[in-house]
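Asks: Its first residue numbered 11, the sequence shown is counted upward by one per residue in the working numbering.
A virtual CB, placed ideally from N, CA and C, is assigned to each residue, including glycine.
One structure is given below, represented as structure tokens, and several questions about it will come after.
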Amino acid sequence: LLPYLVIFGLAVLLIAVFQKDLGQVVVLAGALMVLFVLAGRSMKFFWVMLSLSLVAFAGLIWMAPHRIKRVLSWWSTVQDTILSFLPFEATKQLHIAAGKEPYQISNSLNAIENGGFFGQGLGNGQFKLGYVSEVHTDFVLSGLTEEFGFVGLLLVISVFLFIIFRLNKIATDVREPHYALFTVGVALLIGLALIVNSYGISGMTPIKGIAVPFLSYGGSQILANSIAIGMVLMISKKRIRQKKPSKKAPAATRKEAQI
């Protein structure tokens with residue numbers, strides 16, 4: 011257990027502190043905690059790790075003024091919806107001055123709305139022309155929805171769900187526990203990255219800067235995800251070989267019967 015936590019701590023130091031990428035840390039932490047539970051750790055350990063992760067997450071936000079500003083900007087736009095479920099006394103303590111909806115989120119939602127059900131057509135998106143910056147990276151789902159509509163977005167999500175389902179199917183058929191955990195880990199990383207990005211571009215959570223696997227522009231994430239999928243395919247190939255019956259088995263059985 012300790013070696014994994016040390017490696018994760020080094021990853022947090024390199025990614026969150028030096029690279030200032032807190033979103034990737036959230037994805038890695040979520041995948042790691044689920045894998046600990048699947049590996050046989052108790053739910054008590056899971057809740058302890060979750061509590062420590064939340065404390066560390068809050069500390070990393072507090073250390074960076076731009077993260078505080080981003081969280082406050084997000085909270086000012088969603089507070090009315092969330093606080094409506096809380097008691098009045100808590101509402102007074104948590105309520106802040108209403109702010110303007112973040113520029114990127116506003117245009118992202120407008121792009122999704124402009125797409126409608128069937129979209130504007132390939133290449134006919136308007137919000138990618140200077141309204142939504144970096145539409146080819148973090149906001150690729152917004153641009154895709156504007157051009158292909160809800161139907162196109164549903165198709166993309168269905169493909170991701172199929173990939174995750176197949177990864178979990180491979181994990182359940184593998185005999186070696188470490189291979190199964192690795193395959194589940196790949197599925198978790200892909201699924202969590204998609205969820206965090208989707209929540210961010212829709213304004214449900216602050217923007218994390220997480221790329222959509224295989225869709226967002228960026229050679230490093232495509233290379234890393236491709237290598238991970240390739241390793242899972244090798245595990246699947248090994249699983250198929252283990253399932254094949256040996257051709258020498260009938261002959262050996264006849265020989266034993268004669269003896």
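For Thr91, collect the residues of the same chain with a Cβ closer than 7 Å to its Cβ; drop the 5 residues on either side in sequence, then sort them by chain order.
Replies: Nothing meets the Cβ criterion.
Asks: Using 8 Å as the threshold, is the C-beta distance between Val36 and Val222 below it?
Replies: Not a contact, by the Cβ cut-off of 8 Å.
Asks: Could you say which of Lys30, Gln34, Asp31 and Leu60 lies nearest to Met43 if we only look at CA atoms?
Replies: With distances taken between Cα atoms, Met43 lies closest to Leu60.
Asks: Let's see if you can read the secondary structure: which residues bound the alpha helix (DSSP H) around Ser116?
Replies: Tyr113 to Gly125 is the extent of the alpha helix (DSSP H) around Ser116.
Asks: Could you tell me the distance, in whole angstroms, from the CA atom of Tyr14 to the CA atom of Gly195?
Replies: Those two C-alpha atoms are separated by around 14 Å.
Asks: Please name the residue in Leu191, Phe224, Thr155 and Phe175 whose C-alpha comes closest to that of Gly131.
Replies: Considering only alpha carbons, the answer is Thr155.
Asks: Measure the CB-CB distance between Pro112 and Ser83 and report whether it falls below 8 Å.
Replies: In contact: Pro112 and Ser83 (Cβ atoms closer than 8 Å).
Asks: Is the Cβ-Cβ distance between Lys88 and Gly219 less than 8 Å?
Replies: At residue 88 the sequence reads Val, which differs from the Lys that was named. Contact: no.
Asks: Give the C-beta separation of Ile10 and Ile200 to the nearest angstrom, bearing in mind that I take them to be a contact with Cβ-Cβ under 8 Å.
Replies: Limits of the chain in this structure are 11 at one end and 269 at the other, which puts residue 10 out of reach.
Asks: On the three-state DSSP scale, how would you describe Thr193?
Replies: Three-state DSSP puts Thr193 in a helix.
Asks: Going by beta carbon distance, what residues of the same chain come within less than 6 Å of Ile149, once the five residues before and after it are set aside?
Replies: Note on residue identity: the sequence assigns Phe, not Ile, to residue 149. So the list reads Ser118, Val142 and Ile211, once near-sequence residues are dropped.
Asks: Where do the ends of the alpha helix (DSSP H) carrying Gly131 lie?
Replies: Careful: Gly131 lies outside any alpha helix (DSSP H) and carries neither H nor E.
Asks: Tell me the rounded alpha-carbon separation between Ala190 and Ala238.
Replies: Using only the alpha carbons, I get a separation of about 13 Å.
Asks: Mind listing, in chain order, the continuous alpha helix (DSSP H) runs of no fewer than 4 residues lying wholly within the segment 71-112?
Replies: Complete alpha helix (DSSP H) runs here, min 4: 75-93 and 98-104.
Asks: Put Val1 into one of helix, strand or coil per three-state DSSP.
Replies: Missing from the structure shown is residue 1; the chain here goes from 11 to 269 and no further.
Asks: What does a CB cutoff of less than 6 Å around Tyr227 pick up in its chain, not counting 5 residues either side in sequence?
Replies: So the qualifying residues of the chain are His146 and Thr147.
Asks: Does DSSP classify Val169 as helix, strand or coil?
Replies: It is helical.
Asks: Check this for me: beta carbons of Leu177 and Val242, under 8 Å apart or not?
Replies: Closer than 8 Å, so yes.
Asks: Enumerate in chain order the residues of its own chain whose CB-to-CB distance from Gly133 is below 6 Å, with the five nearest sequence positions on each side excluded.
Replies: Closer than 6 Å at Cβ, skipping near neighbours: no residue.
Asks: Please state if the CB of Leu24 and the CB of Leu70 are separated by a distance shorter than 8 Å.
Replies: No.
Asks: Suppose you measure from the CA of Leu20 to the CA of Lys79; what does that come to, to the nearest Å?
Replies: Looking at the two C-alpha atoms, the distance is approximately 26 Å.
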